[in-house]
Amino acid sequence: MALRYPAHADAVRLYGDGFHRDPRTTYQRLRERYGAVAPVLLDDDVPAWLVLGYRELHFVAGEPNLFSKDSRLWNAWNLVPADWPLRPLVTWRDTLLSADGAEHDRHSAAVDATVSSIDLLELAARCERIADDLIDAFASEGSADLIGQYAARLPLLVGTALLALPPAQAADFTDDMAAVLGRVGDVGAAEERLRSAVRRHTAARRANPGSDPLSTLATHPAALTDDEVFDNLFMLFLLGHAKTAAWIGNALRLMLTDPRFAARLAGGRRSVEHVLDDVLWEDPPNSNALGRWATRTVQLGAQHVRPGDLVVLSVAAANADPVVRPDRAAGPGRNQAHLAFGSGPHRCPYPSQDISLVTTRAALSVLLDRLPDITLAAPASELVWQPAVFVRSLTALPVVFTPIPPPGFLPV
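Residue 9 is where the sequence shown starts when you use the numbering used here, and the numbers rise one by one after that.
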């Protein structure tokens, strides 16, 4: 550990099997030891400050002049390996995600207009059609992995469909986006193909705009460049896909494993809303938000944060802060004060929240309607979480159910 990070000499690692299996215990111990802000180590022992407090998270998120989204300010880049798994999340891009101030406002205006242009009723119908198609692919088997075959596929297919690409090109676009999002294969080549495709379609939509989101983004008065259009579009896919897929998967896990909800599976759509709210409090898809970089020396909680220090916002820990959850055993009820969609200028835009909700609700509702007797095919204790600190999601969710014959099937 570099000598200029003495506070992190014995910091807790936010990686490894123990942490990923039970992050709540880690957050609780950090809170007991350090209070609202704790020194931690990310993958490869890269130092950061973890904000555990509900009020402190609101403060950091709401003060972009003190805590910038510009990762070029980071004072620990020399400690980051070239193959660092979190590098794609911290690398500066000219997008809504990395900008502050007037530049953030410019990107935000274009992105907000883009997501606001999506008709939610039409989106719900599209999501249900795609969900039905995905279920059709495994319904006759009597078993499935609801992560790989369903939760991870549905948001990606919905996002691609919204771009209104020619059918012959949509499949290639989806495959390349899946490769980039999953970091599978030649990611660099896949991203270049995506950038080239988006450039072509951006030029075509500027010349002949339609009613699709890409046309809105490409022709917005903010006058985004071709690269800015791609980078913002990629950002929407990156964040939207990861969080929505995790929300679907975590909600399905809850319904299949938690007695409060498992007994009500037959309730179908009536049970869905309660499950979705509970997940945003107890198992938020974006469990930790990366990141903010201090612009000057500041006292945060009991910690002395220096210019260029990385600050990570723990949504999961803040949701469990005794300040807002003095009796966590009582459950959140209908309380909507969770931080699952962030806080401050960089919170998830409200239209994006609606899009994620519509997609997730459709995914659960259609599945429960089609496969009402679905049950977990493995002990809940054997389910494995992704080794990621920022998105809380399972690697697989194996289930069994009564097989449904394919359309047109005639029994012998």
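Even glycine gets a Cβ: it sits at the ideal position worked out from N, Cα and C.
* Can we say the region 279-298 touches the region 393-405, given the rule of at least three CB pairs closer than 8 angstroms? -> Yes, the region 279-298 is in contact with the region 393-405.
* **Exposure label - Ala311; buried when at least 16 CB within 10 Å** => In the sequence as displayed, the identity of residue 311 is Gln instead of Ala. Gln311 should be labelled buried.
* Asked: Asp141: which of Arg161, Ile155, Leu128, Leu129 sits nearest, CA to CA?
  -> Among Arg161, Ile155, Leu128, Leu129, the Cα nearest to that of Asp141 belongs to Arg161.
* Asked: Whose C-beta lies closer than 7 angstroms to the C-beta of Val206 among residues of the same chain, with five residues either side of it excluded?
  -> Within the same chain, Cβ atoms closer than 7 angstroms to the Cβ of Val206 are found at Val237, Phe238, Leu241, the five residues on either side in sequence being excluded.
* Asked: For Ser148, does the three-state DSSP call read helix, strand or coil?
  -> Helix, per DSSP.
* Asked: What is the rounded straight-line gap between the Cα of Ala230 and the Cα of Asp291?
  -> Approximately 36 angstroms between the Cα atoms of the pair.
* Asked: Could you check where the alpha helix (DSSP H) with Gly299 kicks off and where it finishes?
  -> For Gly299, there is no enclosing alpha helix (DSSP H); the enclosing beta strand (DSSP E) has its first and last residue at 296-302.
* Comparing alpha-carbon positions, which option in Leu262, Asp102, Arg300 lies nearest Asp285? -> Out of Leu262, Asp102, Arg300, Leu262 has the C-alpha closest to the C-alpha of Asp285.
* To do: Evaluate Gln307 with the Cβ neighbour count: other Cβ atoms within 10 Å of its Cβ, from every protein chain shown; 16 or more gives buried, anything less gives exposed.
  => Result: exposed.
* With 16 other CB atoms within 10 Å as the buried threshold, where does Thr383 fall? -> Per the 10 Å Cβ criterion, exposed.
* To do: Please name the residue or residues paired with Asp153 in a DSSP beta bridge.
  => In the DSSP secondary-structure assignment, Asp153 is bridged to Pro406.
* Taking Thr410 as the reference, which of Leu391, Gln394, Val392, Ala385 has the closest Cα? -> Proximity to Thr410 across Leu391, Gln394, Val392, Ala385 peaks at Ala385, based on C-alpha coordinates.
* **Proximity below 7 angstroms, CB of Ala152 to CB of Phe146** => Contact: yes.
* Specify the secondary structure class of Phe67 as computed by DSSP and reduced to three states. => Looking at Phe67 - three-state DSSP - the assignment turns out to be helix.
* Straight-line gap, Val352 to Pro413 (C-alpha atoms, nearest Å) -> A small correction: the amino acid at residue 352 is Gly; Val does not occupy that position in the sequence shown. The alpha-carbon atoms of Gly352 and Pro413 are separated by roughly 50 angstroms.
* **Proximity of Gly43 and Gly309 at Cβ, strictly below 7 angstroms** => In contact: Gly43 and Gly309 (Cβ atoms closer than 7 angstroms).
* **Exposure of Pro221, with buried meaning 16 or more beta-carbon neighbours within 10 Å** => Its Cβ being crowded by 16 or more others within 10 Å, Pro221 is buried.
* Asked: Can you check whether the CB of Trp255 is closer than 7 angstroms to the CB of Thr368?
  -> Contact flag set, yes.
* Asked: Taking three-plus beta-carbon pairs below 8 angstroms as touching, is the region 49-62 in contact with the region 313-329?
  -> When C-beta atoms of the region 49-62 are compared with those of the region 313-329, three or more pairs fall below 8 angstroms, so the two segments count as touching.
* Output yes or no for whether 7 angstroms exceeds the beta carbon distance between Leu318 and Trp82. => Yes, these two residues count as a Cβ contact at 7 angstroms.
* Span of the beta strand (DSSP E), counted from its first residue to its last, around Ala56 -> Run containing Ala56: 54-59, per the beta strand (DSSP E) assignment.
* Asked: CA-CA distance, His249 and Asn86?
  -> Cα-Cα distance, rounded: 30 angstroms.
* To the nearest angstrom, report how far apart Tyr358 and Val287 are at their CA atoms. => So the two alpha carbons sit approximately 18 angstroms from each other.
* **In DSSP terms, what Ser76 is bridged to** => DSSP output for Ser76 lists Trp301 as bridge partner(s).
* **Own chain residues within Cβ distance below 6 angstroms of His28, not counting five before or after** => So the list reads Trp393, Pro395, once near-sequence residues are dropped.
* **Val320 beta carbon less than 7 angstroms from that of Leu154** => Contact: no.
* Whole beta strand (DSSP E) runs in the region 150-205 with 3 or more residues, listed along the chain? -> Within the region 150-205, the complete beta strand (DSSP E) runs of at least 3 residues are 151-153.
* Identity of the residues DSSP links to Thr383 by a beta bridge -> Answer is Val408, bridged to Thr383.
* Which residues share a DSSP beta bridge with Ser322? -> Listed as beta-bridge partners of Ser322 by DSSP are Asn296.
* **For Val374 and Thr252, the rounded distance between their alpha carbons** => Each residue's Cα considered, the two are about 16 angstroms apart.
* Per-residue burial, Arg333 [other beta carbons within 10 Å of its own, 16 or more giving buried] -> Buried.
* For His346, which three-state DSSP category applies? -> If DSSP states are grouped into helix, strand and coil, His346 belongs with coil.
* To do: Have a look at the DSSP bridge pairing and note the partners of Arg355.
  => Answer is none; Arg355 lacks a bridge partner.
* Asked: Cβ-heavy atom distance between Ala404 and the ligand SAH below 6 angstroms?
  -> Among the ligands in the structure shown, none appear at all, so the ligand SAH cannot be discussed.
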